[in-house]
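Engineer:
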Amino acid sequence: MKISTDYIKTITQTGKEFDSRSHELLIKAGFIDPVASGLYSYLPPGLAVLNKIEDIVRTHMNSLGALEVSLPSLHPKDHWLQTKRWDSFDVLFKVQSRHDKEYGLGPSHEEIVTPLAAKYIQTHKDLPLGLYQIGTKFRDEARAKSGILRGREFRMKDLYSFHADNLDFEEYYKKVIVAYQKIFTELGFEDVKMTEASGGDFTKKFSHEFNVLTEAGEVDLIYCAACDFAQNAEVLTTKLTKCPKCGEEIKEGRAIEIGNIFDLGTRFSDDFKVKFKDEQGRPVSPHMGCYGIGTSRLLGAIVEVNNDKNGIIWPTSVAPFHAHLVNLVRDDSKFADLIYRTLQSEGISVLYDDRSEVSAGEKLVVSDLIGVPIRLLVSDRTGDQVEWKLRIDEKTRMFSVPEVVKHLKDAYVI
RNA sequence: CGGGGUGUGGCGCAGUGGUAGCGCGCGUCGUUCGGGACGACGAGGCCGGCGGUUCAAGUCCGCCCACCCCGACCA
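Position in the first sequence (from 1) plus 6 gives the number in the working numbering.
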């Protein structure tokens, strides 16, 4: 992608006080564009990152054996009346057709996935069943904030599982926890805290939340400095000073909730009268679980955790481009053009700053703002070599073009 | 949903009832070029909307809309 023709420009000046660093950086670097309160457009680089995040999530859902589906966002009112949530689910957007038919705009999809699963589940041999989708959710939040971290329309992966009994559910639940941990590790998060959930409609049974520690978050957490103990401060009845698991010091902090998992029990299968025949031929309601990951919120959380004063620092797993090529050679782009074509032909994605009318300083500042992990630079000083620099530090190395190709392929496992 | 604030060129802002200005950006030309360069010239505005007061409204009054912030809310 050439910046001169293909990139929506970065923004120097906004004057706004941003309520989170990720909000500011994603807008300034040209990844998202604010449309209205809680609504954002994803520009090409932002979409590239979002797609990479969702591909990682998808891979791990598939590994669980879950089946990917796509459920509608327009939900007939009847389905929500059946679960008695039409009036009680207060962030539900409601829309009306020309013929006065009412719909909910899906904030979650139990109302759709449960009757769908009912059509397939006949006997215990059909279980367990896992169905998931990655799509758009709508929630009429009282107040949207922090950019993409809390929007009214956002992207989410939601998985729903159906089980013959509680034991099978619990085994599946544990496997999802492992899959989630793999996903978060792959996305570059070093420390995601799993906590017991704080509340909600159906949390009488157990449920967990996954939280990334950062001040931009909305969740107050206490956690152990040494082990993996963590808890939502809301559920605390007494103030803890020592970790109940290992006795070490307890810390407090804010966090962004990036995922959650719930035991739904038979609440929805009862509402939709889903029954399967057990081994004795008796009708039984399947036990359900639901498992969410906010993929667009992850995009924000990744930036929130990976940035410095100059801009974003993308983890390699989700970087919008493999390399950012900067041409500083005066009035000549032949060498840089050659590098660009060579890398592209090798399957390496490159953001190429080919602009001739822009100063060297501006190109360098913009490259740090955008935050591609590897910067390649040619100038009057580099001869027939290419300067290789990582976004995370100031060290530079000189490579020939074939060496650059090799090192990029190694870095990204291409 | 309560409380507070802001709406003026693309963006950020100033503007005292009397014919709308600055910075950035943008266009042309020239000089620059390893951390958001500089000069010259130039283009660009129903001042959020509707109504009212006035000889005269960006400015005063009323209503509405949008956005931001604090709180409540948040599967």
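Backbone N, C-alpha and C fix where the C-beta goes; we use that ideal spot for every residue, glycine too.
To the nearest angstrom, report how far apart Val97 and Ile420 are at their CA atoms.
Structural biologist: Taking the straight line joining both Cα atoms gives about 43 Å.
Engineer: If you drop the 5 nearest sequence neighbours on each side, which residues of the same chain put their C-beta closer than 8 Å to that of Thr272?
Structural biologist: So the list reads Ser291, Pro292, His293, Met294, once near-sequence residues are dropped.
Engineer: Got a sec? Which residues, its chain only, sit under 8 Å from Val411 by beta carbon, not counting five neighbours each side?
Structural biologist: Counting only Cβ-Cβ distances below 8 Å, and skipping sequence neighbours, we find Thr348, Leu349, Glu352, Ile354.
Engineer: So, Ile267 versus His214, is the Cβ gap smaller than 9 Å?
Structural biologist: Yes, Cβ-Cβ distance for Ile267 and His214 is below 9 Å.
Engineer: Identify every residue that forms a DSSP beta bridge with Thr142.
Structural biologist: Per DSSP, Arg161.
Engineer: Just tell me which of His413, Glu363, Ile62 has its CA closest to the CA of Leu396.
Structural biologist: Among His413, Glu363, Ile62, the Cα nearest to that of Leu396 is on His413.
Engineer: Who pairs with Gln237 in a beta bridge, going by DSSP?
Structural biologist: Gln237 is bridged to Ile228.
Engineer: Helix, strand or coil for Asp207, going by three-state DSSP, please let me know.
Structural biologist: Low local confidence applies: a pLDDT of 48 at Asp207 is under 50, so the model's placement there is unreliable, and no value is given.
Engineer: How about the region 63-75 and the region 104-113: do they share at least three Cβ pairs that are nearer than 8 Å?
Structural biologist: With the cut-off at 8 Å, the region 63-75 and the region 104-113 do not touch.
Engineer: Considering only the beta carbon of each residue, do Ala325 and Lys58 sit closer than 9 Å?
Structural biologist: In this structure, Lys58 lies closer than 9 Å to Ala325 by Cβ.
Engineer: Counting C-beta neighbours from all protein chains within 10 Å, is the total for Ser43 16 or more, i.e. buried, or is it exposed?
Structural biologist: Answer is exposed; the Cβ neighbour count stays below 16.
Engineer: Could you pull out every residue in the same chain whose Cβ sits closer than 8 Å to the Cβ of Gly205, ignoring the five residues on either side in sequence?
Structural biologist: Interpretation of Gly205 is limited by its pLDDT of 49, a score under 50 that renders its predicted location unreliable; no figure is taken from the coordinates.
Engineer: Can you tell me whether DSSP reads Asn68 as helix, strand or coil?
Structural biologist: If DSSP states are grouped into helix, strand and coil, Asn68 belongs with the helices.
Engineer: Just verifying my parser: in three-state terms, what is the DSSP assignment at Asn333?
Structural biologist: Strand, per DSSP.
Engineer: Whole alpha helix (DSSP H) runs in the region 75-136 with 4 or more residues, listed along the chain?
Structural biologist: Here the runs fully enclosed are 83-88, 116-126.
Engineer: Per DSSP, which residues does Lys8 bridge with? Please list them.
Structural biologist: Partner(s): Tyr358.
Engineer: Whole-angstrom Cβ separation of Tyr46 and Ile154, contact assumed at under 8 Å?
Structural biologist: Their Cβ separation, rounded to whole angstroms, is 6 Å, which keeps Tyr46 and Ile154 in contact under 8 Å.
Engineer: Nearest by alpha-carbon distance to Lys340: which of Gln286, Asp386, Arg145 is it?
Structural biologist: If we check each option's Cα against that of Lys340, Asp386 comes out closest.
Engineer: Would you grab the beta carbon distance between His328 and Ala185 for me? Rounded to a whole angstrom, and I think it's under 8 Å.
Structural biologist: In fact, because the Cβ distance is near 26 Å, the residues do not count as touching under 8 Å.
Engineer: Kindly indicate which three-state DSSP category Arg425 falls into: helix, strand or coil?
Structural biologist: With the chain covering 7 to 420 only, the question about residue 425 has no answer from this structure.
Engineer: From this set, Asp39, Gly141, His115, Arg361, which residue's C-alpha is nearest Val335's C-alpha?
Structural biologist: Closest by alpha carbon: Arg361.
Engineer: If we ignore side chains and look at the alpha-carbon of each, how far apart do Thr220 and Gln237 end up?
Structural biologist: The alpha-carbon atoms of Thr220 and Gln237 are separated by roughly 15 Å.
Engineer: Quick one: Cα of Glu255 to Cα of Leu227, how far?
Structural biologist: In a straight line, the C-alpha of Glu255 is about 14 Å away from that of Leu227.
Engineer: Decide if the region 274-293 is in contact with the region 120-135; the criterion is three or more beta carbon pairs, one per stretch, under 8 Å apart.
Structural biologist: With the cut-off at 8 Å, the region 274-293 and the region 120-135 touch.
Engineer: Buried or exposed, going by whether 16 or more other CB atoms sit within 10 Å of the CB of Glu400?
Structural biologist: The residue in question, Glu400, is exposed, as its Cβ has fewer than 16 Cβ neighbours within 10 Å.
Engineer: I'd like the span of the beta strand (DSSP E) that includes Phe175, first residue to last.
Structural biologist: From DSSP, Phe175 is part of no beta strand (DSSP E) but of the alpha helix (DSSP H) over 172-192.
Engineer: If we call anything under 9 Å between Cβ atoms a contact, is Leu80 one with Gly110?
Structural biologist: Contact flag set, yes.
Engineer: Rounded to whole angstroms, what is the Cα-Cα separation between Leu305 and Leu246?
Structural biologist: Using only the alpha carbons, I get a separation of about 33 Å.
Engineer: Apart from the five residues just before and just after Gly71, which ones in its own chain have a Cβ nearer than 8 Å to its Cβ?
Structural biologist: Cβ neighbours of Gly71 beyond the five flanking positions: Gly136.
Engineer: When the Cα atoms are used, what is the spatial distance from Val280 to Thr89?
Structural biologist: Each residue's Cα considered, the two are about 13 Å apart.
Engineer: Taking all protein chains shown into account, do 16 or more other C-beta atoms lie within 10 angstroms of the C-beta of Phe168, making it buried, or fewer, making it exposed?
Structural biologist: Classification for Phe168: buried.
Engineer: Cα-Cα, which of Tyr297, Val55, Leu375 is closest to Phe216?
Structural biologist: Ranking Tyr297, Val55, Leu375 by Cα distance to Phe216 puts Tyr297 first.
Engineer: If you follow the beta strand (DSSP E) that Pro40 is part of, which residue opens it and which one closes it?
Structural biologist: Element bounds for Pro40: 38-42.
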